[in-house]
Structures are given as C-alpha cells and as structure tokens.
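Q: What follows is a single structure, and I will ask about it in a moment.
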C-alpha cells in the first residue's frame, strides 16, 4: 500500500464544528497487535512520524508540569497507557516513564488492569487521572494506565505507550475504579468543550521510494474532517455490535475487497476491523 494515501475517519457521534490537528510520525519497530475548565471548542491537528510504513507515532504530555511521551494512536486499543516510574525493569528503563510524584494534578485510582495482546505482549496497569496535553489541546482528569510491568515484547519498542481510540463507552467520569466507566480522550475533549464534534480523522502519508522514515508521516485531526486529504464522498457505515457484550470497536460489515482491478467477494457474515495499528509485510500488503 505504499502508493496509497489512507484517510481513516471515525466518529463516536456527530455534532457541531471545529477540531485539533496532531502530527504523526512513522517509526520502525515491533507492533503490539493488540474528565473542568470550559474552553472555546476548536480543532487540533498533529503530524505523525512514519517509519517503514508500519508504525505511526506522535507526542502527548501527561501531568503538571507536562511529561512527554511518544505514543501510537491506535484504534485497536481502548486505553491510554504509558510506562510508570514505579516500573524499574530494564525494559521500562529504555522508555519515558510517568512519575506521579512530579505532577501536581495527579489523581490516584484503585483500578488495576492486565492487558495481553495477540502477540503475547503484556502490561500490568494501574489507572490514574491527570491532565492530558496534545499540542495546544488540554483536557483535565483524563484516565490512563500506568504500566507497572512490561514484558520482553516491548524491549525493542520505539514508542513509549498507546493512545487508545478503540472502544468507546457512554458516560463515566474519573475517578475510574471500573474499566467499564473509562472515558476515551476524544469523549473527554468533547465533554470539556475543547472540540465541538465527537469525531477524529487520521491521514497516513506513505513513504516515497527508498525512504525508511518521514517526519511528515501523516496526521490525526481531533474534532473535524480535513476534506483536502481525500477525493469523493464519505460513506458513513454502521458499527457492528459484538456478540460477547463488549463495547464496539471500529468493526464494520464487509461485502468484498478491491485493490486496483482485482476484487474478491466475501461471506455475508464477514466483518472488517479498522485498526490504525495493524501492519504486515510487503508480501502480504
């Protein structure tokens, strides 16, 4: 897909105007499958760094004063999490770590959570709340996970943690002592009136020939859709409700797949999972 610019538009609900744009960076590395002061609503766009067309990352900050982290914006994950300063392993030591004692806005939580991904990578999380800053965008009391342990799968990881954009829950505020009450950052942005639409869009910019990475790897836009990044009309597709009672991720019905002049029909029951964090080799994609 090196010659295909991808625009991914996702919305938990549609309303109003304005947005925040976040630059993304694409990086190489091992991919892990895997609540206020009233403000004037606006938009924010952040650029992405692109490494080898398989990892798109950007910067966020947690705490007061802000502590910097490189994260993967991942529609296939439901939580924000970063390594904790309480994690003393050699694996955690190669990453930026969140130090709750250095933040005047830190709020603790009793909730612990173990996250295991498809490739057996694993993190033990203790939830907390703090101020989240993404570019000029700031939300208070955002729940996130502090990784107390990270297994060897993260030893070569070129990002610190994940910025989950996956499952969304209606309602629920920090303090969070129930994973089902977790509020996505995009929902918090809207609840705190820093964006006017509960929506985000992602543009991934493919590498040019012989490029291994690019600082212009794409962007994530919070609160709006950039119509200059695509041609044609947007098709709004209903999400498929999972049968196991879990909240929906970005899962849609699939009728077929077409690439160039080639097309393949699929079973009527087939679904597709829109995942900004999934990747594969050139022999597959």
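Numbering (mature numbering (1 follows the signal peptide of the UniProt record, and there is no 0)), first residue to last: -19 to -1, 1 to 266. All C-beta atoms, glycine included, are put in the ideal place defined by N, C-alpha and C.
1. By how many angstroms is the C-alpha of residue 210 removed from the C-alpha of residue 129?
2. Sorted by chain position, which residues of the same chain lie with C-beta nearer than 8 Å to residue 247's C-beta, five sequence neighbours on each side aside?
3. Starting from residue 271 and walking both ways along the beta strand (DSSP E), at which residues does that stretch end?
4. Confirm, please, whether the CB-CB distance from residue 143 to residue 55 is below 9 Å.
5. For residue 111 versus residue 39, is the C-beta spacing smaller than 9 Å?
6. Starting from residue 166 and walking both ways along the alpha helix (DSSP H), at which residues does that stretch end?
7. Do you know offhand how far residue 176's Cα is from residue 169's?
8. Thinking residue 258 and residue 53 are a contact (beta carbons under 8 Å), I'd like their distance in whole angstroms, please.
9. Please report the Cβ distance between residue 146 and residue 165, rounded to the nearest whole angstrom; I am assuming they are in contact, meaning their Cβ atoms lie under 8 Å.
10. Is DSSP giving residue 244 helix, strand or coil here?
11. Of the choices 109, 244, 103, whose alpha-carbon is the least far from that of residue 86?
12. Determine the extent of the beta strand (DSSP E) in which residue 128 is found, giving its start and end residues.
13. Return the first residue and the last residue of the alpha helix (DSSP H) that residue 71 is part of.
14. Considering just the uninterrupted stretch of the beta strand (DSSP E) at residue 184, what are its terminal residues?
15. Determine whether the beta carbon atoms of residue 60 and residue 106 lie at a separation below 9 Å.
16. Helix, strand or coil: how does DSSP classify residue 340 here?
A: Reading off the structure:
1. 39 Å
2. 235, 236, 237, 238
3. This structure leaves residue 271 out entirely; the chain is present only between -19 and 266.
4. yes
5. no
6. 166 to 172
7. 9 Å
8. 6 Å
9. 7 Å
10. strand
11. 109
12. 118 to 131
13. 71 to 74
14. 180 to 185
15. yes
16. The structure shown has nothing for residue 340, since the chain only spans -19 to 266.
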